[in-house]
Amino acid sequence: MTTIVVLFNLKDGVDQDEYEQWARTVDIPSVRRLNGCGGFDVLRTQGLLNGSPDAPYSYVELIRVNSMDDFMAAVGAPAAQDVAAQFREFADGATFMVTESIE
Numbered sequence: 008m009t010t011i012v013v014l015f016n017l018k019d020g021v022d023q024d025e026y027e028q029w030a031r032t033v034d035i036p037s038v039r040r041l042n043g044c045g046g047f048d049v050l051r052t053q054g055l056l057n058g059s060p061d062a063p064y065s066y067v068e069l070i071r072v073n074s075m076d077d078f079m080a081a082v083g084a085p086a087a088q089d090v091a092a093q094f095r096e097f098a099d100g101a102t103f104m105v106t107e108s109i110e
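Under the numbering used here, residues 8 to 110 are what the sequence shown spells out, in order.
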């Protein structure tokens with residue numbers, strides 16, 4: 008299964024609680040409904056394993072994709088583009104990595 012890993016920080020001035028409320032009520036349910044999506048989680052970084060709180064990214068998204076063709080068609084739809092535009096209002100420099108399991 009393909010997993011899209013998204014790494015990002017919030018833009019300066021964005022309220023963390025406002026973003027997380029939007030993520031819970033808009034982003035997460037919207038992405039989970041997309042054709043080709045097998046699961047979606049948004050994770051808040053707590054720090055690094057060595058105890059340092061200075062992680063390079065504050066948030067990680069994991070989008071599990073059952074069918075990349077179906078998923079890419081779904082994200083091109085106007086409703087998904089609207090959610091993506093809202094995401095860009097919160098996120099600063101998001102990096103989207105397409106990954107696959109080595110097992």
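Think of the CB as a built atom: it goes at the ideal place given N, C-alpha and C, for glycine as much as any other residue.
As the structure is a computational prediction, the values presented were derived from the model and not from experiment.
Please look up how many angstroms separate the CB atoms of residue 16 and residue 59, rounded, as I've assumed it's under 8 angstroms.
By 1-based counting over the sequence shown, the position of residue 16 is 9. By 1-based counting over the sequence shown, the position of residue 59 is 52. Not a contact, Cβ separation roughly 16 angstroms.
Looking at residue 103 and residue 13, is the spacing between their C-beta atoms short of 9 angstroms?
Walking along the sequence shown from the start, residue 13 turns up at place 6. Walking along the sequence shown from the start, residue 103 turns up at place 96. For residue 13 and residue 103, yes; Cβs fall inside 9 angstroms.
Would DSSP call residue 104 helix, strand or coil?
As a position in the sequence shown, residue 104 is number 97, starting the count at 1. Of the three classes helix, strand and coil, the one that applies to residue 104 here is strand, per DSSP.
With DSSP as the reference, please indicate the residues paired to residue 16 in a beta bridge.
Residue numbering aside, residue 16 sits at position 9 when the sequence shown is read from its first letter. Answer is 99.
Residue 109, DSSP secondary structure in three states
For the purposes of this step, residue 109 is identified with residue 102 of the sequence shown, where counting begins at 1. The answer is coil: DSSP assigns residue 109 none of H, G, I, E or B.
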